[in-house]
């Protein structure tokens, strides 16, 4: 059994990632932290608790969900964040009432991360599909947590200078999770952690297509696939003026099924000042990361279906 900790920021892709992590047969999910970034933290943490109530497996699901008190240097657009409210209201997550059984953790996200890592009897795989702020704060409080982390899998950044930030004063070379708190990225980059980075340019082989939506719709007799299909009905390309890719789900599945991806070692750094604040880039003087370069897309989509079908049916 492998120990995992999952820190996300509450959009559809994050919540689907949580659902799939819970189904991985040999993964013990020690904890979940939710950041107030690409989704509003209150409905996103409620939805996370309901997902664990409905689809978690006894003996390998977390005992609580931690709500982060980290705040943005640059906040995501409100229009992107609203899907957390709709996801939390899905009938499938509320058929037994709107109040989840799983409690909130007593400590905020970064301190919960420290506690869960330090209590593990083995090294932990850390998956983060939002900003790195909780990890950066945790490192400042207790730098020894690096000894408890096997690898960090992060969805963030881009190495081709084509970002997804269209904001005043920004030059559009950065990705939003990095732009949310660029100094946090720098703190993590300055640590000794082994980092597997899935940037915007890592995920262009796994788009959300009409064919994929219909594939899930045809399998909606499986409750988890029904929830996945409902979730992605909330997102469309025109909201971000670009194609929607399964960024976070690819990061999550890569952390357990590395055969789905190929990567290369690159030396990188991050810019922490405007107008390129949050830009990640290659440089011979940078720190080494494993950067994902390609994906076996068909195997990836098949793995989503396979895991979702392992979820509790009743």
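In our numbering, the protein residues as written are 1466 to 1779. Ideal Cβ placement from N, Cα and C applies to all residues, glycine included. Bear in mind the structure is a predicted one, so any value in this text is a computation, not a measurement.
Item to complete: Grab the span of the alpha helix (DSSP H) containing residue 1768 for me, first residue to last.
Response: Run containing residue 1768: 1762-1773, per the alpha helix (DSSP H) assignment.
Worksheet entry | Beta-bridge partners of residue 1747, as assigned by DSSP | Residue 1747 has 1733 as its beta-bridge partners, per DSSP.
Discussion item. Give me, in chain order, the residues of the same chain whose beta-carbon lies closer than 6 Å to that of residue 1772; leave out the 5 immediate sequence neighbours on both sides.
Written reply: Same-chain partners within the cutoff: 1485, 1488.
Discussion item. Less than 8 Å between the C-beta atoms of residue 1743 and residue 1754, yes or no?
Written reply: Result no, Cβ atoms of residue 1743 and residue 1754 do not sit closer than 8 Å.
Item to complete: Have a look at 1696, 1495, 1619 and flag the residue whose alpha-carbon is nearest the alpha-carbon of residue 1588.
Response: The residue with the shortest Cα to Cα distance from residue 1588 is 1495.
Worksheet item: Fully enclosed by the segment 1636-1677, which alpha helix (DSSP H) runs are 4 residues long or longer?
Response: Runs of the alpha helix (DSSP H) inside the segment 1636-1677: 1641-1645, 1647-1654.
Fill in: DSSP state of residue 1523 mapped onto helix, strand, coil
In the structure shown, residue 1523 sits in coil (DSSP, three-state: anything other than H, G, I, E or B).
Discussion item. Measuring alpha carbon to alpha carbon, tell me which residue in 1573, 1521, 1506, 1501 is nearest residue 1492.
Written reply: Of the candidates 1573, 1521, 1506, 1501, the residue whose Cα lies closest to the Cα of residue 1492 is 1521.
Practice prompt. May I ask which residues mark the beginning and end of the alpha helix (DSSP H) holding residue 1697?
Written response: Residues 1688-1697.
Practice prompt. Within the same chain, show all residues whose beta-carbon is closer than 6 Å to that of residue 1659, passing over the 5 residues directly before and after it, in chain order.
Written response: The answer, listed in chain order, is 1616.
Discussion item. Buried or exposed, going by whether 16 or more other CB atoms sit within 10 Å of the CB of residue 1655?
Written reply: With fewer than 16 Cβ atoms within 10 Å of its Cβ, residue 1655 is classed as exposed.
Worksheet item: Is the CB-CB distance between residue 1714 and residue 1478 below 8 Å?
Response: Cβ distance < 8 Å, so residue 1714 and residue 1478 count as in contact.
Worksheet entry | residue 1466, DSSP secondary structure in three states | In the structure shown, residue 1466 falls within a coil segment according to DSSP collapsed to helix, strand and coil.
Worksheet entry | Inter-residue CB distance, residue 1725 and residue 1760 (contact presumed, cutoff 8 Å) | The Cβ separation is near 6 Å, so the contact holds.
Worksheet item: Thinking just about the alpha-carbon of each residue, which of 1537, 1539, 1581 is nearest to the one in residue 1529?
Response: When 1537, 1539, 1581 are compared, the shortest CA-CA separation from residue 1529 is found for 1581.
Fill in: First through last residue of the beta strand (DSSP E) which encompasses residue 1606
In the DSSP assignment, residue 1606 falls outside any beta strand (DSSP E) and within the unbroken alpha helix (DSSP H) covering 1598-1606.
Worksheet item: Would residue 1577 be called buried (16 or more neighbouring beta carbons within 10 Å of its own) or exposed?
Response: By the neighbour-count rule (16 or more Cβ atoms within 10 Å), residue 1577 is buried.
Fill in: Extent of the continuous alpha helix (DSSP H) run through residue 1489
Counting along the chain, residue 1489 falls outside any alpha helix (DSSP H), and DSSP gives it neither H nor E.
Discussion item. I'd like the list of long-range same chain contacts for residue 1559, defined as Cβ closer than 6 Å, with 5 residues on each side in sequence excluded.
Written reply: Closer than 6 Å at the Cβ level, and outside the excluded window around residue 1559, lies no residue.
Discussion item. Less than 8 Å between the C-beta atoms of residue 1718 and residue 1756, yes or no?
Written reply: Against a cut-off of 8 Å, the Cβ pair of residue 1756 and residue 1718 comes out as no contact.
Worksheet item: Curious, which full-length alpha helix (DSSP H) runs of at least 4 residues does the segment 1510-1572 contain?
Response: Listed in chain order, the complete alpha helix (DSSP H) runs (minimum 4 residues) inside the segment 1510-1572 are 1543-1546, 1548-1553, 1556-1559.
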